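So in my numbering the end of the sequence shown lands on 904, straight run, no missing numbers.
Before any comments, here is the structure.
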Amino acid sequence: MSRKIKIFDTTLRDGEQSPGCSMNFNEKIEMARQLERLGVDIIEAGFPISSPDDFEAVKAIAKTVKNATVAGLARAVKGDIDRAWEAIQYAQSPRIHTFLATSDIHMKYKLKMSPDEVLERISSMVALAKSYCPDVEFSAEDASRSDMNFLVKAFDAAIAAGATTINIPDTVGYSTPNEMFEIIRYLKSHLKNPQVDISVHNHNDLGLGVANTLACIQAGATQVECTVNGIGERAGNASLEEVVMNLHTRKDIYDCTTSIVTKQIYRTSKLLSTITGVGIAPTKPIVGANAFAHEAGIHQHGVLAQRSTYEIMAPEDIGIYQNKMVLGKHSGKHAFAERLNELGYILSEEDIANAFERFKVVADQKKNITDKDIEALIGSSALEI
Ligand code: KIV
Ligand code: ZN
520 MSRKIKIFDT TLRDGEQSPG CSMNFNEKIE MARQLERLGV DIIEAGFPIS
570 SPDDFEAVKA IAKTVKNATV AGLARAVKGD IDRAWEAIQY AQSPRIHTFL
620 ATSDIHMKYK LKMSPDEVLE RISSMVALAK SYCPDVEFSA EDASRSDMNF
670 LVKAFDAAIA AGATTINIPD TVGYSTPNEM FEIIRYLKSH LKNPQVDISV
720 HNHNDLGLGV ANTLACIQAG ATQVECTVNG IGERAGNASL EEVVMNLHTR
770 KDIYDCTTSI VTKQIYRTSK LLSTITGVGI APTKPIVGAN AFAHEAGIHQ
820 HGVLAQRSTY EIMAPEDIGI YQNKMVLGKH SGKHAFAERL NELGYILSEE
870 DIANAFERFK VVADQKKNIT DKDIEALIGS SALEI
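Structure follows, in structure tokens:
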């Protein structure tokens, strides 16, 4: 019987911390709506104490989203937790996500707190969060570089105070898949009460974010934290589309399901890239421009004879409909608007009409208008909320 893995999306929080990826109020709402269509279980909408604009965006997302839990991040301090609750209380399913570092290096140099003080703070702040909200997640920042005995104590304290999810971040992207696997196994067998969701949050500094996440799933993690296009602090977070499509494509290994509507993946990726103006490398797995392109003659021949010779996933499964409709100078505005929609652009009627005029000029000069041509004539300024 397949296990269901919860997808916790932090594009709007950790992702937004990525240089060049900050989003304004309207952009965050638009992205949250798309994440809801994508089917994520939890949307981490932001860090409400971090700025008045982020507070308002988290509050608006809490009021808008109906089919996903909405989480707000808070350090393990009263002011943060109060502010997070103020913003997310309107959600149908709110979650407070609070965190405190547990590694020696963070406790000594950053927090300047003793291990006992850290345990005491975890107990009191998780209890405060719980007094507001039944759904509380506790993250042990820098968990993967923490002493394992202390990590167990920290999570035992959080669970005793009411945490329903415990999260194990590889905050600096330092660990290997084997190490992350062992950490999850160790926690599962040493926690006093392991009957909570066990979550992982892997950064990608050494390029192992996705591999580490998959190893944690194999060790029994029930929730994974990730971002669209893998955006996030420094080298980013585990990429949502890569984790999900690994589970989807290698069911024989993982035997896990998610609630993700995979056909919405491409559109979500494009929308984020349009909003932020941050492009996607052509070789990026799943959503890069070359991910389903076959250049070599031998490959083209193989794919034409039988797709599975060189394709392990169907582009349609992630919402790429190649050659579905050929656009040219005879095409109408409706077909053009439909293609824009498929490509993930959200434009006003007026912008569609303007873009359509530019399209007609290009179409008079070119026989075949490709998606790349359309993307070029739309540019990144076209998003209209
Ligand atoms: O990377 C990290 O440790 C975090 C925590 C706040 C979960 O983003
Ligand atoms: Zn992080």
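Every residue gets a Cβ at the ideal spot worked out from N, C-alpha and C, and that includes glycine.
No experiment lies behind these values; they were computed from the predicted model shown.
In terms of Cα proximity to Asn731, the closest of Val715, Asn712, Pro696 and Val719 is Pro696. Residue environment analysis places Asp599 among the buried positions, since at least 16 neighbouring C-beta atoms fall within 10 angstroms of its C-beta.
When DSSP states are grouped into helix, strand and coil, Phe878 belongs to the helix group. By alpha-carbon distance to Lys525, the top candidate from Ala740, Ser758, Gly749 and Ser827 is Ala740. The beta carbon of Pro801 sits closer than 6 Å to those of Gly807, Ala808 and Asn809, all from its chain and outside the five residues before and after it, given in chain order. 8 Å or more divides the Cβ of Ala587 from the Cβ of Glu546. Contact annotation: Asn668 and Glu744 have beta-carbon atoms that are not nearer than 8 Å.
Distance from the Cα of Gly681 is smallest, within the candidate group Leu725, Ala593, Asp689 and Glu656, for Glu656.
Secondary structure of Glu894 (DSSP, three-state): helix.
Taking 4 residues as the minimum length, the alpha helix (DSSP H) runs contained wholly in the region 685-767 are 696-709 and 728-738, in order along the chain. Straight-line measurement puts the Cα of Ala856 at about 9 Å from the Cα of Leu866. At least one heavy atom of ligand 2 is found less than 7 Å from the C-beta of His720.
As computed with DSSP, Ala590 is found in a beta bridge with Glu563 and Arg614.
For Ala659, the uninterrupted beta strand (DSSP E) segment begins and ends at Val655 to Glu660.
The distance from the Cβ of Asp716 to that of Thr684 is about 4 Å, consistent with a contact at the 8 Å cut-off. At the C-beta level, Ile607 and Val596 stay beyond 8 Å of one another.
A distance below 8 Å between beta-carbons, with the five flanking residues on each side excluded, links Thr781 to the following residues of its chain, in chain order: Val763, Met764, His767, Asp836, Ile837 and Gly838.
For Leu619, the secondary structure class from DSSP, reduced to helix, strand or coil, is strand. Note on Pro567: 16 or more other CB atoms within 10 angstroms of its CB, so buried under the neighbour-count rule. If you compare the alpha carbons of His625, Val822 and Asn721 with that of Asp533, the shortest gap goes to Asn721. By the Cβ rule, the region 745-761 counts as touching the region 785-797, because three or more pairs are nearer than 8 Å. For Leu866, the secondary structure class from DSSP, reduced to helix, strand or coil, is coil.
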